[in-house]
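Just remember that our numbering sits 538 ahead of the position in the sequence shown, which is counted from 1.
We put the beta carbon where it would ideally sit given N, CA and C, even for glycine.
Report on the following structure.
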Amino acid sequence: SLAVRVRNLRYNDERMAVRVLRQTDIFNYKLLKFFIHGDGSMPDNIPVGAVPSAYAFIRFGIDSANYYEYRRPLLRNWQDLAIPLTELTAIKGIRDPARENERQQFPVSGDPLASYVIRGNPTLTKVMFLGFGISNPSARFPNDLTTTMWVNELRLLDPESSVDWSAIGSAELKLADLGSVIGTFSRSNPNFHRLEERFGNRIQSTNFSVQMQGTLEKFLPNAFKETRLPISFTHSETYEKPIFEAQSDV
């Protein structure tokens with residue numbers, strides 16, 4: 539649980555409680571949920587289009603110049619809020635690229651009171667901080683804001699559960715006493731993972747190699763029967779096809 543309190547917060551200002559994280563990858567989850575609750579100074583509800591007494595928001599990303607944000611009016615009762623993470627990543631495709639370094643705000647589908655915000659180039663594969671905050675809308679000029687917000691049960695839900703596969707095979711061809719040819723092939727699909735791993739690496743990987751070994755002394759005259767002429771040849775290739783852009787959630 540978390541309590542965020544502000545006292546005499548000026549209009550058009552905000553305060554946020556922040557937790558700095560080690561690099562965290564939340565890309566493999568589809569839903570972020572939490573509860574928020576305002577104190578008795580907040581209304582029970584608010585009409586669409588009205589100026590709220592305060593906004594509650596969650597912000598997370600790489601740093602103060604690269605983050606996602608979700609905000610909604612702070613109300614007196616508990617609100618059970620859910621953020622479909624695919625909706626956050628989708629706003630990268632509709633924002634104005636010329637204003638990438640500015641805050642850009644977008645409506646939330648199905649909730650006229652809420653909004654998404656993006657700034658810079660955040661990615662769900664690299665979350666370095668997470669914060670909950672309270673904002674005093676600029677339209678409340680000249681009123682200051684004193685209130686408390688409680689946050690509870692922040693959680694990630696609906697992890698990636700796609701079934702995928704990986705395979706490896708090899709074959710050897712013996713050429714009598716002249717030598718041998720060995721070939722190997724492996725394929726791993728994006729969502730395949732080992733038992734000790736929770737998720738795949740989101741990369742389709744294909745590898746193959748050919749190794750040839752032999753001797754040429756069989757083709758020499760008898761006068762050179764003690765001669766040894768071993769030969770070998772190895773060739774291998776690896777192809778990797780990420781299903782998303784590198785260092786991105788798009």
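N- and C-terminal bounds of the alpha helix (DSSP H) containing leucine 692: The count along the sequence shown starts at 1 and reaches residue 692 at position 154. Leucine 692 -> not in any alpha helix (DSSP H); beta strand (DSSP E) instead, spanning 683 to 697.
Please identify the residue among Asp618, Leu695, Tyr605, Ser579 whose C-alpha is closest to the C-alpha of glutamate 638. As a position in the sequence shown, residue 638 is number 100, starting the count at 1. Among Asp618, Leu695, Tyr605, Ser579, the Cα nearest to that of glutamate 638 is on Tyr605.
DSSP puts asparagine 483 in a beta bridge; with which residues? The structure shown does not extend to residue 483, since the chain spans only 539 to 788, so no value can be given for it.
Could you check whether glutamate 552 and serine 673 sit closer than 9 Å to each other, using their CB atoms as the reference points? Reading the sequence shown from its first residue, position 135 is the one you call residue 673. Reading the sequence shown from its first residue, position 14 is the one you call residue 552. In this structure, glutamate 552 lies closer than 9 Å to serine 673 by Cβ.
Whole angstroms is fine: what's the gap from serine 602's alpha carbon to arginine 560's? Reading the sequence shown from its first residue, position 64 is the one you call residue 602. Reading the sequence shown from its first residue, position 22 is the one you call residue 560. Cα to Cα, the separation comes out at about 16 Å.
Which word fits phenylalanine 777, buried or exposed, when buried means at least 16 other C-beta atoms lie within 10 angstroms of its C-beta? As a working note, residue 777 is residue 239 in the sequence shown. Here the sequence assigns tyrosine to residue 777, which means phenylalanine is not the residue at that position. With fewer than 16 Cβ atoms within 10 Å of its Cβ, tyrosine 777 is classed as exposed.
Within the region 605 to 644, note down every full beta strand (DSSP E) run reaching 3 residues or more, in order along the chain. With a minimum length of 3 residues, the continuous beta strand (DSSP E) runs that stay inside the region 605 to 644 are 616 to 622.
How should threonine 624 be labelled, buried or exposed, when 16 other C-beta atoms within 10 angstroms of its C-beta is the threshold for buried? Position 86 of the sequence shown holds residue 624. Exposed, because fewer than 16 other Cβ atoms sit within 10 Å of the Cβ of threonine 624.
Please classify threonine 661 as buried or exposed, where buried requires at least 16 other C-beta atoms within 10 Å of its C-beta. The count along the sequence shown starts at 1 and reaches residue 661 at position 123. Per the 10 Å Cβ criterion, buried.
For serine 743 and aspartate 577, the rounded distance between their alpha carbons: In the sequence shown, residue 577 corresponds to position 39, counting from 1. In the sequence shown, residue 743 corresponds to position 205, counting from 1. Counting only the Cα atoms, serine 743 lies some 53 Å from aspartate 577.
Compute the Euclidean distance between the alpha carbons of serine 539 and tryptophan 688, then round it to the nearest angstrom. Indexing the sequence shown from 1 puts residue 539 at position 1. Indexing the sequence shown from 1 puts residue 688 at position 150. For serine 539 and tryptophan 688, the distance between alpha carbons rounds to 7 Å.
Own chain partners of aspartate 702 with C-beta closer than 6 Å, once the 5 adjacent residues on each side are dropped: Looking up residue 702 in the sequence shown gives position 164. Around aspartate 702, the same chain offers Asn727, Asn729, Phe730 as residues with beta carbons nearer than 6 Å, after the five sequence neighbours per side are excluded.
Any contact of the region 610 to 625 with the region 571 to 589, i.e. 3+ C-beta pairs under 8 Å? Yes, the region 610 to 625 touches the region 571 to 589.
What are the boundary residues of the beta strand (DSSP E) that proline 728 is part of? Looking up residue 728 in the sequence shown gives position 190. According to the DSSP assignment, proline 728 belongs to no beta strand (DSSP E), since it is labelled neither H nor E.
Grab the span of the beta strand (DSSP E) containing proline 650 for me, first residue to last. As a position in the sequence shown, residue 650 is number 112, starting the count at 1. 649 to 657 is the span of the beta strand (DSSP E), which, as asked, contains proline 650.
So valine 655 and arginine 609 are in contact, right, with Cβ under 8 Å, and what is the actual spacing, rounded? Translated into the one-based positions of the sequence shown, residue 655 becomes position 117. Translated into the one-based positions of the sequence shown, residue 609 becomes position 71. 7 Å between Cβ atoms; contact.
Note down the Cα distance separating methionine 681 from methionine 580, rounded to an integer number of angstroms. Position 143 of the sequence shown holds residue 681. Position 42 of the sequence shown holds residue 580. The identity of residue 681 in the sequence shown is asparagine, whereas the question assumes methionine. So the alpha carbons of these two residues sit roughly 14 Å apart.
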